[in-house]
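Report on one structure; see the data block that follows.
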Amino acid sequence: MQINIDKTAIVIDAVEHFDLKQTLECGQCFRYECLDNNEYIIVAKGYMLHVKQEGDRLSFYNSTMEEVQSIWIPYFDLDRDYGEIKRRLNEKDNLIGEAIEQKSGVRILNQDFFEMLITFIISQNKQIPHIMQIVARISERYGEYIGEWNAKKYYSFPTPEVLGQATEQDFLDMKAGFRAKYLVDACRRIINRELCEEELYQMDYEEALEKIQIINGVGEKVGNCVLLFGIGRREAFPIDVWMARIMERLYFNKPAKKEEMQAFAKEHFGEYGGYAQQYLFYFARDNRVK
DNA sequence: TGCCAGGAAGTCC
DNA sequence: GGACTTCATGGC
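Basically my numbering = 1-based index in the first sequence + 21.
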């Protein structure tokens with residue numbers, strides 16, 4: 022991968038299988054702001070990033086060469102061969118091809134575990150814009166100031182220790198609703214190490230999925246999202262209402278149980294389940310599949 | 001106004 | 001063990 026220093030930015034030319042807008046707006050990320058066409062402010066990994074894509078050129082405006090290499094290339098999953106992933110998925114069947122083609126610039130972001138845990142507990146029974154609002158409130162109140170753009174200030178996502186100081190009432194004030202008690206429970210169990218990130222990396226997928234559900238408010242769907250987006254388990258296959266709709270349409274042709282769909286995904290997509298899921302989810306949601 | 005949202009837990013039988 | 005209900009909040 023060729024990385025260059027321009028007058029105003031660190032630049033990567035000839036990026037493939039990547040579209041900044043699709044990758045941010047496909048439903049996996051909740052901390053971005055669109056400035057202009059394919060130009061964004063992103064908050065991740067404790068940094069505020071100003072980034073823009075023009076064709077196959079990706080420009081990082083407020084970053085160093087070292088940060089691009091050590092933080093942003095891994096974050097955007099840019100050192101993975103998505104051409105190979107797409108070939109493998111297209112070998113499985115000819116039904117997923119349309120979704121891959123329409124959403125071909127999606128990559129799975131490598132986000133932080135604790136942030137994904139809290140974010141996806143919030144996500145249950147909520148629409149994406151509202152999830153983003155609540156995560157922004159949490160960061161403003163408990164995160165650290167990391168920069169501003171156009172007079173708007175940005176804040177990092179808090180650590181478990183800091184967010185652990187919030188009470189159920191605090192989460193209610195931030196409009197988390199009935200999830201407030203789950204959030205308190207999650208912080209507590211992370212702080213006292215009933216669940217820790219390191220052990221999840223060492224467990225196999227099934228074991229990790231079971232373990233993460235010790236947290237009150239984390240079930241199979243939320244657990245899979247955390248493993249996929251926060252622990253890098255690409256075999257994870259979260260099934261929400263949109264995934265159920267698109268799978269019933271493409272693979273079952275009738276109403277199906279979640280358990281059946283989960284088993285099908287494991288057998289059919291295997292280690293590529295997470296990628297398949299994201300192409301299908303974004304396709305279904307963006308096209309309002311009923 | 002009623003229905004739904006990247007669901008999970010509680011409660012019934 | 002499966003089906004049904006409840007849980008806040010906001011957008012349409």
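We put the beta carbon where it would ideally sit given N, CA and C, even for glycine.
DSSP, reduced to helix, strand and coil, places residue 167 within a strand of the structure shown. Considered as a whole, the region 184-222 harbours no complete run of any beta strand (DSSP E) with no fewer than 3 residues.
Judged by DSSP secondary structure, residue 106 falls within the alpha helix (DSSP H) whose first and last residues are 103-113.
As the crow flies, the alpha-carbon of residue 80 is around 7 Å from that of residue 33.
In the same chain as residue 158, and ignoring 5 residues on each side of it, the C-beta atoms closer than 6 Å to its own belong to 195, in chain order. Contact check for residue 222 against residue 252 passes: the beta carbons are separated by less than 8 Å.
One Cα belongs to residue 200, the other to residue 101, and the distance between them is close to 35 Å. With contacts defined as CB atoms closer than 8 Å, residue 300 and residue 117 qualify as a contacting pair. Here residue 259 is buried, its C-beta having at least 16 other C-beta atoms within 10 Å. The Cβ atoms of residue 131 and residue 96 sit closer than 8 Å to each other.
Here residue 233 really is in contact with residue 244; their C-beta atoms are around 5 Å apart, less than 8 Å. Here residue 177 is near residue 64, since their CB atoms are less than 8 Å apart. Check the Cα spacing between residue 246 and each of 140, 198 and 150: the tightest is with 140. 267 is the residue among 267, 241, 24 and 75 whose C-alpha sits nearest the C-alpha of residue 306.
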